[in-house]
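Heads up, the thing below is written out as structure tokens.
Numbering (mature numbering (1 follows the signal peptide of the UniProt record, and there is no 0)), first residue to last: -18 to -1, 1 to 50.
Below you can see the structure in the form of structure tokens.
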């Protein structure tokens, strides 16, 4: 009986977590005030991996990197 209760609780937990994950949405915003300057200096269109990572982490809105 205890095993049955455990599996029911496990199933309920799995469905609850899936519902919460579906409701989380990406926020499209810049995390840095320097994004405008970065864009003007070509960072948004750069092929340099370090610059690409910097823009993805900090300047999604300015560089147009938000998922649609």
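Ideal Cβ placement from N, Cα and C applies to all residues, glycine included.
Next on the checklist: Please report the distance separating the alpha-carbon of residue 27 from that of residue 17.
Outcome noted: Here residue 27 refers to the residue found at position 45 when the chain shown is read from its first residue. Here residue 17 refers to the residue found at position 35 when the chain shown is read from its first residue. Those two C-alpha atoms are separated by around 13 Å.
Checklist entry - Would residue -18 be called buried (16 or more neighbouring beta carbons within 10 Å of its own) or exposed? => result Here residue -18 refers to the residue found at position 1 of the chain shown. Exposed: under 16 other Cβ atoms inside 10 Å.
Next on the checklist: For residue 35, report the span of its alpha helix (DSSP H) as first-last.
Outcome noted: Translated into positions along the chain shown, residue 35 becomes position 53. For residue 35, the enclosing alpha helix (DSSP H) stretches over residues 31 to 40.
Checklist entry - Under 8 Å from any heavy atom of the ligand NAD, does the C-beta of residue 29 make it? => result This structure simply doesn't include the ligand NAD, nor any ligand for that matter.
Next on the checklist: Between which residues of its own chain and residue 13 is the CB-CB distance below 6 Å, once the five residues before and five after are set aside?
Outcome noted: Here residue 13 refers to the residue found at position 31 when the chain shown is read from its first residue. Cβ neighbours of residue 13 beyond the five flanking positions: 40.
Checklist entry - Ends of the alpha helix (DSSP H) at residue 17? => result Within the chain shown, the letter at position 35 stands for residue 17. Residues 17 to 22.
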